[in-house]
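Residue numbers (my numbering), protein chains in the order written: chain W, 14 to 215; chain L, 14 to 215. Virtual Cβ for every residue (Gly too), placed ideally from N, Cα, C. The structure under discussion appears below in the form of structure tokens.
Protein chains: 2
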Amino acid sequence: MSELPLLPQAGSAPPERADAARNRARILAAAERLFAERDPASVTMEDIAKAAGVGRGTLYRRYPDRAAIARALLDEHERALQEKLLRGAPPLGPGEPGGRSASPGERLAAFYAEMAALLEAHLPLALGAETGAARYGTGAYGFWRAHVAQLVREAGLDDPQTLADQLLAPLAPELFRHQRELGLSGERIAAGLATLARRTLD
Amino acid sequence: MSELPLLPQAGSAPPERADAARNRARILAAAERLFAERDPASVTMEDIAKAAGVGRGTLYRRYPDRAAIARALLDEHERALQEKLLRGAPPLGPGEPGGRSASPGERLAAFYAEMAALLEAHLPLALGAETGAARYGTGAYGFWRAHVAQLVREAGLDDPQTLADQLLAPLAPELFRHQRELGLSGERIAAGLATLARRTLD
DNA sequence: GCCTAAGTGGACAGCGTGTCCACTTGCCTT
DNA sequence: AAGGCAAGTGGACACGCTGTCCACTTAGGC
Numbered sequence: 014m015s016e017l018p019l020l021p022q023a024g025s026a027p028p029e030r031a032d033a034a035r036n037r038a039r040i041l042a043a044a045e046r047l048f049a050e051r052d053p054a055s056v057t058m059e060d061i062a063k064a065a066g067v068g069r070g071t072l073y074r075r076y077p078d079r080a081a082i083a084r085a086l087l088d089e090h091e092r093a094l095q096e097k098l099l100r101g102a103p104p105l106g107p108g109e110p111g112g113r114s115a116s117p118g119e120r121l122a123a124f125y126a127e128m129a130a131l132l133e134a135h136l137p138l139a140l141g142a143e144t145g146a147a148r149y150g151t152g153a154y155g156f157w158r159a160h161v162a163q164l165v166r167e168a169g170l171d172d173p174q175t176l177a178d179q180l181l182a183p184l185a186p187e188l189f190r191h192q193r194e195l196g197l198s199g200e201r202i203a204a205g206l207a208t209l210a211r212r213t214l215d
Numbered sequence: 014m015s016e017l018p019l020l021p022q023a024g025s026a027p028p029e030r031a032d033a034a035r036n037r038a039r040i041l042a043a044a045e046r047l048f049a050e051r052d053p054a055s056v057t058m059e060d061i062a063k064a065a066g067v068g069r070g071t072l073y074r075r076y077p078d079r080a081a082i083a084r085a086l087l088d089e090h091e092r093a094l095q096e097k098l099l100r101g102a103p104p105l106g107p108g109e110p111g112g113r114s115a116s117p118g119e120r121l122a123a124f125y126a127e128m129a130a131l132l133e134a135h136l137p138l139a140l141g142a143e144t145g146a147a148r149y150g151t152g153a154y155g156f157w158r159a160h161v162a163q164l165v166r167e168a169g170l171d172d173p174q175t176l177a178d179q180l181l182a183p184l185a186p187e188l189f190r191h192q193r194e195l196g197l198s199g200e201r202i203a204a205g206l207a208t209l210a211r212r213t214l215d
């Protein structure tokens, strides 16, 4: 397992004033509510400012756009999954050296299942954070990419770089929403992904 | 091969006045040029109107938004591919009944190759037409979806509906651009897709 | 309590959208 | 050949969102 780019752990922040902290909390709470109750793409910075009871300037001071707010909300959940991938028990984690570990296909299936669950739980945030091309720029995406590339490598396939992105494509939040709106359950989506994972890597 | 929803063949249009036809041609030409020379997402309806030498009202009369224009430009190429899928020789087409035909995995790989070539040739249009969630609503997407679902069915896998969308995900124009910008060649991308196709369906 | 820098909020200019409608022009009729 | 009318045209308009800027306020160390 080579160098996985970890999502920055919110390192030693320069101290934050009490009113600033209060407003940050208000902003995040208001944004989460708004994302959940309408199409995240239609939520404007102005809406969030108004709902949080702060001015536009205050909002822009911390977050350059809607996506940054959604990402901040999503980060926590994604870091939890990253932990499990790095240090959790098989099939999700790598397993002890010398101990038993799962096949690449099983591990990819387990990862897919976790991601599907994460999307199921926080789809509005994912849609707010990673719509379209922005997805590929996030730190989290880089992490998933490195993880999947490693699994591809272990499976002995050519060109893990290229395949990793292609294997992550079915996890695009927009596709997940599309499939849910077609009436497919989260389980059914996860089952499809599991099939894909096993057949591709095992 | 059941009921594939064909893209409407531009049926008997109500006759179009000569000046209207001239302006339509101007609009399409101007839009294609603009899409090619900058990020399609940044091209505005106003830009297109100005470049085509027509007023905004004229533009909106025919096309509700940028995506509709890009789709009109793409349609021609997509219909050509649809023809080949339905009636072309193997491995792309189904082959004669009783004659030789390719395996589902080979056929999916051939389809992937054609789509990658189409993206390579017309990426700006694809980005203009199918950015984000809009992709799933187009008639063309429905066609690809039905085609891939049929291949999945022939391969004997469960739930072709769900898998079809997931197998189409790596063809998202934004992903293609992302991979190209990473320095991957079209051939390398196509090779990855071929691996995916064969391992999944064969 | 005072001082200072961090924090705040609303005003502002700019841009893109989509609509609307008075005018123009192609084309069919007689 | 002329007339009429519906299709077509283009630009003005109102609206909403963005991102910046800056004069004011407040927290918290000294």
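Counting only runs of at least 3 residues, the region 31-108 of chain W fully encloses no beta strand (DSSP E) element at all. Sequence-distant partners of Thr208 of chain W (beyond 5 residues in either direction) whose C-beta falls short of 7 angstroms from its own C-beta are missing from its chain. Here Asp172 of chain L is not near Ala203 of chain W, since their CB atoms are 8 angstroms or more apart.
Residues of the region 152-171 of chain W with a C-beta less than 8 angstroms from any C-beta of chain L: Leu170, Asp171, listed in chain order. Two segments are said to touch when three or more pairs of C-beta atoms, one from each, lie closer than 8 angstroms; by this definition the region 73-91 of chain L touches the region 40-49 of chain L.
When DSSP states are grouped into helix, strand and coil, Pro117 of chain W belongs to the helix group. Per DSSP, the unbroken alpha helix (DSSP H) holding Gly155 of chain L starts and ends at 152-167. Distance check between Ala44 of chain L and each of L:Ala81, L:Gly70, L:Leu121 places L:Ala81 closest, using alpha-carbon atoms only.
Distance from the CA atom of Pro110 of chain W to the CA atom of Ala102 of chain W, rounded to whole angstroms, is 12 angstroms.
In the three-state reduction of the DSSP assignment, Gly111 of chain W falls in the coil class. A distance below 6 angstroms between beta-carbons, with the five flanking residues on each side excluded, links Gly118 of chain W to the following residues of its chain, in chain order: Ala210, Arg211, Leu214, Asp215. Annotated as distal: Tyr125 of chain W and His191 of chain L, with beta-carbon spacing of 8 angstroms or more. When DSSP states are grouped into helix, strand and coil, Thr144 of chain L belongs to the coil group. The beta carbon of Pro183 of chain W sits closer than 8 angstroms to some beta carbon of chain L.
Interface residue (Cβ-Cβ distance to chain W less than 8 angstroms): Arg201 of chain L is classified as such.
Relative to the Cα of Leu197 of chain W, the nearest Cα in the group L:Leu176, L:Gly199, L:Pro183 belongs to L:Leu176. At the C-beta level, Ala185 of chain W and Ala185 of chain L come within 8 angstroms of one another. In the structure shown, Ala185 of chain L falls within a coil segment according to DSSP collapsed to helix, strand and coil.
At a C-beta separation below 8 angstroms, Glu187 of chain W has these neighbours in chain L: Gly145, Ala146, Arg148, Tyr149. Ranked by how close their Cα comes to the Cα of Ala129 of chain W, the residues W:Arg75, W:Ala146, W:Glu200, W:Arg39 have W:Glu200 in first place. Chain-ordered, the chain W residues with CB closer than 8 angstroms to the CB of His191 of chain L read Ala146, Tyr149, Asp178. Residues of chain W whose Cβ lies closer than 8 angstroms to the Cβ of Ala204 of chain L are, in chain order, Asp171, Asp172, Thr175. Its chain contains Phe48, Ala49, Pro53 as the residues whose beta carbon lies nearer than 6 angstroms to that of Pro137 of chain L, once the 5 sequence neighbours on both sides are disregarded; these appear in chain order.
Ala33 of chain W and Leu206 of chain W have their C-alpha atoms some 43 angstroms from each other. Nearest in C-alpha terms to Arg74 of chain L, of all of L:Ile40, L:Leu170, L:Glu167, is L:Ile40. Scanning L:Gly66, L:Arg30, L:Pro28, L:Glu29 for the CA closest to the CA of Ala42 of chain L turns up L:Gly66. Residue-level contact check: Arg212 of chain W touches chain L, since one or more beta carbons of chain L fall below 8 angstroms from its beta carbon. For Thr208 of chain L, at least one C-beta of chain W is nearer than 8 angstroms to its own C-beta. Shown here for Glu127 of chain L: same chain residues with a beta carbon closer than 6 angstroms to its own, the five before and five after excluded, namely Leu94 in chain order. Contact annotation: Arg120 of chain L and Leu99 of chain L have beta-carbon atoms that are not nearer than 8 angstroms. For Asp60 of chain L, the CB contacts under 7 angstroms within the same chain, skipping 5 residues up- and downstream, are Leu47 in chain order. Legend: CB atoms of the region 96-113 of chain L lying less than 9 angstroms from CB atoms of chain W are not found in any residue.
Going by beta carbons, Leu181 of chain W and Val161 of chain W fall inside the 8 angstroms limit. 8 angstroms or more divides the Cβ of Arg79 of chain W from the Cβ of Gly169 of chain W.
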